[in-house]
Amino acid sequence: MRSNVARRNWGWRSGVAPIVAIATIIASGNTCLAQNTGEEPRRFELRIENVRLSDNAGTVSVRRDEAVELTWSADRRSVVHLHGYDIEVTVDAGKPQTMAFRARATGRFPIEMHGDRHTVLIYLEVHPR
Numbered sequence: 018m019r020s021n022v023a024r025r026n027w028g029w030r031s032g033v034a035p036i037v038a039i040a041t042i043i044a045s046g047n048t049c050l051a052q053n054t055g056e057e058p059r060r061f062e063l064r065i066e067n068v069r070l071s072d073n074a075g076t077v078s079v080r081r082d083e084a085v086e087l088t089w090s091a092d093r094r095s096v097v098h099l100h101g102y103d104i105e106v107t108v109d110a111g112k113p114q115t116m117a118f119r120a121r122a123t124g125r126f127p128i129e130m131h132g133d134r135h136t137v138l139i140y141l142e143v144h145p146r
């Protein structure tokens with residue numbers, strides 16, 4: 018009887034490890050795939066001056082599944098929040114901060130400066146492929 022229990026336990030343990038390994042590979046597959054393709058992110062440099070964007074751009078447009086980097090600089094401490102992706106960075110004067118993400122959700126998302134009041138700086142538009 019003892020050998021049957023040992024065999025069942027060994028079989029259970031040996032069966033679980035490959036399943037866990039495969040599940041881990043599948044779960045991390047999107048990240049690994051993006052890294053292996055050598056895809057360069059779409060980069061945008063955005064400057065905040067007097068609580069607005071300095072170049073008056075209204076929209077940043079990208080395609081779904083693109084890697085995106087929004088690098089923010091500001092003339093004063095600013096908290097910038099990308100709605101829909103729930104990404105927030107604090108930008109200090111003279112210290113640019115980058116929001117890096119993969120554009121998975123399609124649609125139009127406001128990017129706001131938070132403070133005494135919320136001010137829309139620009140919109141992110143993510144278009145289907």
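Quick note: the sequence shown uses my numbering, first residue 18, plus one each step. All residues carry an ideal CB built from backbone N, CA and C; glycine is no exception. Treat the numbers as computed from the prediction; the structure is a model and nothing was measured.
Excluding its 5 nearest sequence neighbours in each direction, Gly132 has C-beta neighbours in its own chain below 7 Å: Val96, listed in chain order.
If you look at Ala84, you'll find it in the beta strand (DSSP E) that goes 84 to 91.
Ile139 is a Cβ neighbour of Ala74, given a cutoff of 8 Å. Ala120 counts as buried, since at least 16 other C-beta atoms from the protein chains shown sit within 10 angstroms of its C-beta.
By the 16-neighbour rule on beta-carbons within 10 angstroms, Val108 is buried.
Remark: C-beta atoms of Met116 and Leu70 do not approach each other more closely than 8 Å.
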